[in-house]
Amino acid sequence: MRSPEDRGLRESAIFDKASIAAIQHAAETGIYDIRGWGAKRAVPHFDDLLFLGSAISRYPMEGYRERCDTDVTMGAENASKPMELDIPITIAGMSFGALSAQAKEALGRGASAMGTSTTTGDGGMTDEERTHSDKLVYQLLPSRYGMNPDHLRQADAIEVVVSQGAKPGGSGMLLGQKISERVAAMRTLPEGIDQRSACRHPDWTGPDDLTLKIQELREITDWEKPIHVKVAATRPYYDTKLAVAAGADVVVLDGMQGGTAATQEVFIEHVGIPTLAAIGPAVRALTEMGVHRKVKLIVSGGIRTGADVAKALALGADSVAIGTAALIALGDNDPRWAEEYEKIGSAAGYYDDFQAGQDPAGITTQDPKLAARLDPVAAGKRLANYLQVLTLEAQTIARACGKSHVTHLEPEDLVALTIESAAMTGLPLAGTEWVPGRNGDL
Amino acid sequence: MEALTDTTVEIDLSQSTVRELNAELHAPTSKSYRVSNSRGLHSVAVGIKDEIDVEIDGDVGYYCAGMHQKGNLTIAGMAGPGVAENMMSGRVHIKGHASQSAAATAHGGLLVVDGNASTRCGISLKGGDIVVKGNIGALSAFMAQAGRIVVCGDAGEALGDSIFEARLYVRGSVASLGTDCIAKEMRDEHREELAQLLKDAGMEDEANDSKYLDSFTRYGSARTLYHFNSGE
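As you go down the protein sequences, you meet chains A and B in turn. Numbering-wise, the first sequence is residues 61 to 502 according to our numbering. Numbering-wise, the second sequence is residues 19 to 250 according to our numbering.
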């Protein structure tokens, strides 16, 4: 049978197939769509930037021989035990509950092999992730599910989560299918209920309170640990300034492309700003406060390649964090499960029903049989391989730009491919010296 | 931990810093401490994790007794926001009033407030117990998951909004109930539970007074919000 296109039928650009399906689903169920993954719409991104490399005016480093360091230290200013990472790529916060214990272990194994950190999530710290993560960031979330001062003291850093890129102003969700006995016990909730986390912290309400909250966390842990503050990319200039003023050692900035295990589709696609647009204002805030490269900036949301890593660093970040890409590296959306994805109404490469707990790859599930499919050792090795490739790619670009450390990359190494990305980043449009809104006509 | 002395150690916060106090309490050398000149300072006596007695003679600011474990802490004064937040075990006793978010997210232990507690008392409670001899403010027990709250006075607006499985006992009036919070039958096991909590709070006479116990109403979850397609 010929495809509709072959028969000359024309799909609507406005009412495309996905829009029609969404209307039909809403009409049938009366319930909004909840899904995982992150924003799927096209927004200005790192692909809209290019590196210039070197020529006569810039001198490159030898590609495979000359030293190009990748280490980054978090919390050197305030923490008696700063967190030293070998690579500027960390694993973003993802909960046990959203992910299987095997997936959490695999993340720990892969990150540890490359000398970087993983992060807990809503629901607390599991033995699997503490045992297998050499460097573990413990999140303090609005829900405080599983919040335990013993775990706080065991952590290598503490991350106060204000919001996440997939849902700025929203809160965690975990549907009943994934509230197993163990998850329910960790979160002090009845088994099988649809769990919604709080969207506001229970004991602080504004920037002045946050200052005191950070002080309390430092006091409880004897000023040992770096304190991160994670914010969704919405008003990054102001949020960065407020986080720094409150005493953060690290600002984690999560763009709208940042992933989620379960969020309303309308939230994922329509709230927050793109990662690309968020970095500039945050760096400006840090620079104005005289703390750029002292208070560290971790950027997340849509990091896929070493080029993305290098571009984020060149715009002024000190590190990136990956979530969705890390899950793909573990085996999420792997074609080997194609038949099973089809059975549950999806397809390899499209699967985003992380909320449903039926993940054929055994990653976003609490079903013991499905979770047992993921070999934490093999999956951890895949993640380590991927992290290595990201690092090598970022180093390749840094050397081409003449840099002996990846964080020496700078905005002058970049140009913008589109007017939008030029305006958002303050970089000149490629082949010109024009920055929209800043220096006159093209 | 090395053997602790029985001699009470005096710490004067006009001479020592909060950081020095907390460092001592995290590696205690004595079974008993008395802290003076607290003057509304923040993060006083946070992160205690040993069975020690600490008495604070004065008012404290934010987060006193934050994430408290095992110890027995008394505040002879007023307590600022977030007192005993995320308490895990042990006992915290405030002889004055408590500000907002008292015992927020407490997983265990007992908080006793002789006076009133402000808004959001017991917010997101996760298994801890709270006895307030006076009144509590609005939005108390918001999203409270487990644990018990006893209020010998009145409760403010929106009590127990979006509550899960925590049990609330209020003797006086309730300005309004929050979404999905309802009055519930007071069965024998609840009277016993209430009496025990009053005893634990040092209210032995009231605990043995059946008329006093009868004057309480129990509140809890109607459980209509436990699934996304069931009432939002």
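Positions of the beta carbon are idealized from the N, C-alpha and C atoms, including for glycine. Everything numeric in this text was worked out from a predicted model, so none of it was measured.
Identity of the residue in B:G238, B:A83, B:H245 nearest G165 of chain B by Cα = B:G238
Measure the beta-carbon distance from L234 of chain A to A370 of chain A and round it to whole angstroms, keeping in mind my assumption that it falls under 8 Å.
-> Wrong, their Cβ atoms sit about 35 Å apart, outside the cutoff.
For Y244 of chain B and D413 of chain A, the rounded distance between their alpha carbons = 20 Å
Whose Cβ in chain A lies nearer than 9 Å to the Cβ of G100 of chain B?
-> Correct list: P262, D263, W264, D269, L272, K273, E276.
Say whether chain B places a C-beta atom closer than 9 Å to the C-beta of P209 of chain A.
-> yes
In terms of residue numbering, what span does the beta strand (DSSP E) encompassing H465 of chain A cover?
-> Counting along the chain, H465 of chain A falls outside any beta strand (DSSP E), and DSSP gives it neither H nor E.
Determine which residues of the segment 128-148 of chain B have a Cβ less than 8 Å from any Cβ of chain A, and write them out in chain order.
-> R138, I141, S142, K144, G145
Segment limits, beta strand (DSSP E) that includes F111 of chain A = Per DSSP, F111 of chain A belongs to the beta strand (DSSP E) from 109-111.
Please confirm whether any heavy atom of the ligand NAD lies closer than 8 Å to the CB of P428 of chain A.
-> The ligand NAD is absent from the structure shown, which contains no ligands of any kind.
D254 of chain A versus chain B: which residues are under 8 Å apart at the beta carbon?
-> Y244, H245, F246
Between which two residues does the alpha helix (DSSP H) carrying S117 of chain A extend?
-> Segment: none, S117 of chain A is in no alpha helix (DSSP H) and carries neither H nor E.
Contacting positions in the segment 22-38 of chain B - beta carbon closer than 7 Å to chain A = V36, R37
If you count every other CB in all the chains shown that lies within 10 Å of the CB of M61 of chain A, and 16 or more means buried, which is it?
-> Of the residues assessed, M61 of chain A falls on the exposed side of the cut-off, its CB having fewer than 16 other CB atoms within 10 angstroms.
Residues that DSSP places opposite Q33 of chain B in a beta bridge = For Q33 of chain B, which the question treats as bridged, DSSP gives no partner whatsoever.
So what's L243 of chain B in DSSP terms, helix, strand or just coil?
-> In the structure shown, the three-state DSSP call for L243 of chain B is coil.
E250 of chain B versus S231 of chain A - alpha carbon distance | The pLDDT assigned to E250 of chain B is 43, lower than 50, so where the model puts this residue is not dependable, and the model offers no usable value.
Which residues in the same chain as A82 of chain A place their Cβ atom closer than 8 Å to its Cβ, once the five residues preceding and following it in sequence are excluded?
-> D93, E325
Contact set for G175 of chain A: own chain, Cβ-Cβ below 7 Å, skip 5 residues either direction | L145, D146, I147
Quick one, are the C-beta atoms of A173 of chain B and L143 of chain B less than 9 Å apart?
-> no
Under a three-way DSSP split, which group does Y446 of chain A fall into?
-> helix
Can the beta-carbon of K512 of chain A be found closer than 9 Å to that of V311 of chain A?
-> Since the displayed chain A opens at 61 and closes at 502, residue 512 of chain A lies outside it and no answer follows.
Can you tell me whether DSSP reads E28 of chain B as helix, strand or coil?
-> E28 of chain B: strand per DSSP, three-state reduction.
Can you name the residues that DSSP bridges to H111 of chain B?
-> B:T92, B:V130
Comparing the C-beta of A321 of chain A with each C-beta of chain B, is any distance below 9 Å?
-> no
Chain A contact residues for Q87 of chain B, given Cβ-Cβ distances below 7 Å | Going along chain A in sequence order, the residues near Q87 of chain B (Cβ under 7 Å) are P209.
Three-state secondary structure (DSSP) of M246 of chain A = Residue state, collapsed to three classes: helix.
Taking DSSP as the reference, what is the three-state secondary structure of K144 of chain B?
-> DSSP, reduced to helix, strand and coil, places K144 of chain B within a strand of the structure shown.
Short Cβ contact (9 Å threshold) for G184 of chain A with Q415 of chain A | no
State whether the segment 106-121 of chain B contacts the segment 175-189 of chain B, with contact taken as three or more CB pairs (one from each stretch) at a distance under 8 Å.
-> No, because fewer than three Cβ pairs between the segment 106-121 of chain B and the segment 175-189 of chain B fall closer than 8 Å, the two stretches do not touch.
Proximal residues, the segment 60-73 of chain B versus chain A, C-beta separation under 8 Å = Cβ contacts with chain A: H60, S61, V64, G65, K67.
How big is the Cα-Cα spacing for D182 of chain B and V495 of chain A?
-> Checking the sequence shown, residue 182 of chain B turns out to be Phe, not Asp. In a straight line, the C-alpha of F182 of chain B is about 54 Å away from that of V495 of chain A.
Is V326 of chain A helix, strand or coil by DSSP?
-> helix
Contact check, G135 of chain A vs A217 of chain A under 8 Å by CB: the rounded distance?
-> So it is a contact: roughly 7 Å between Cβ atoms.
Min CB distance G249 of chain B to chain A below 9 Å | Summary for G249 of chain B: the model assigns pLDDT 43, below 50, so the residue's position carries little reliability; its value from the coordinates is reported in the next sentence. False, the Cβ-Cβ gap to chain A never drops below 9 Å.
For E219 of chain A, the three-state DSSP class (helix, strand or coil) = DSSP places E219 of chain A in strand when its eight states are reduced to three.
Cβ-based burial, P395 of chain A [other Cβ within 10 Å; buried from 16] = exposed
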